[in-house]
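Okay, so the sequence shown: first residue is 36 according to the working numbering, each after it adds one. Report on one structure; see the data block that follows.
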Amino acid sequence: GKVLFPAACSTPEFIKTFKTLIATVNAYTAEAMWWCSRDPDYVAFSHSNLNVDKVFFWRDEDLKLHAGVLDWGGVACSSVGWKLWWWLYCCEYPFLSEALDGLLECFIEEYHVHGGPLLDRDELRWQFCLAALVQGVGLLDAVPQIYRMCPKRHWPAIRDRHDARIAANVDGKNTLRVYIGTFVNICSMISEWGIPERFDRWVDEVVALTGMARKSVLVP
């Protein structure tokens, strides 16, 4: 599966950074969730996982396009930065990397126009990244399921993400390609967005705000 990731994400240096970061995120998951919800300006009642498969579209008699939303079971008051990750994490990485700041600015403007407070883009972006990192920890539990959906013996012959063995629905579900795409996105973000350094500074901020000692983290 190494060929599915950017070359920079396959180096020994990156793998060491990834292990250290993910182990540290695992230790600070509760703090990340607290951080993203600590300021009520960044908390709103909304859908928790608004990917395109949760939306349906239709046109009326005048051909005006309308949209509706499915699966409201997870609706809640929680961090909008956190939710934005869960709304956008299935984007292709080149688009996500290029368009994220514009998407955040659009959200900030519309949120404010419709009665919400004016949010800070850097804070919103960091909440987005924290949500991604926490999902990155959770995705490790999905590795056995990935191998059930595509057995290990097939992986040496897979050359890209468009291979039908990992791109097609498995048992009628898109779970496998979503898991793989999310792994690629998170690793690419860690590699290119300066996230390990930013996370280290964030831990210092949490320690200063809470008065807690910095945690000792065991890296596998």
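The C-beta atom is built at its ideal place from N, Cα and C for all residues, glycine as well.
R236 is classed as exposed because its beta carbon has fewer than 16 other beta carbons within 10 Å across all chains shown. Under the three-state reduction of DSSP output, K208 falls in the strand class. Per DSSP, G103 is one residue of the beta strand (DSSP E) stretching across L100 to V104. In the structure shown, A65 adopts helical secondary structure according to DSSP, grouped into three states. For S132, the enclosing alpha helix (DSSP H) starts and ends at Y128 to V148. Contact check for A43 and S226: beta-carbon distance about 5 Å, within the 8 Å limit, so the pair qualifies. Taken through DSSP and simplified to helix, strand or coil, R249 comes out as coil. The secondary-structure analysis by DSSP pairs V90 across a beta bridge with V104. When only Cα atoms are considered, I230 and R156 end up about 16 Å apart. With respect to the 8 Å criterion, G171 and I215 are not classified as neighbours on the basis of their beta carbons.
Linking L165 to G173 through their CA atoms gives a straight-line distance of about 13 Å. An exposed status is given to Q180, since fewer than 16 other beta-carbon atoms sit within 10 Å of its beta-carbon. Under the three-state reduction of DSSP output, F80 falls in the strand class. In terms of Cα proximity to N61, the closest of R233, L168 and T217 is L168. Where C44 is concerned, there is no enclosing alpha helix (DSSP H), because DSSP gives it neither an H nor an E. Of the other Cβ atoms in all chains shown, 16 or more fall within 10 Å of the Cβ of H82; this residue is therefore buried.
Contact between V238 and Y63 holds: CB atoms are separated by about 6 Å, below the 8 Å threshold.
For S226, DSSP records no beta bridge to any residue.
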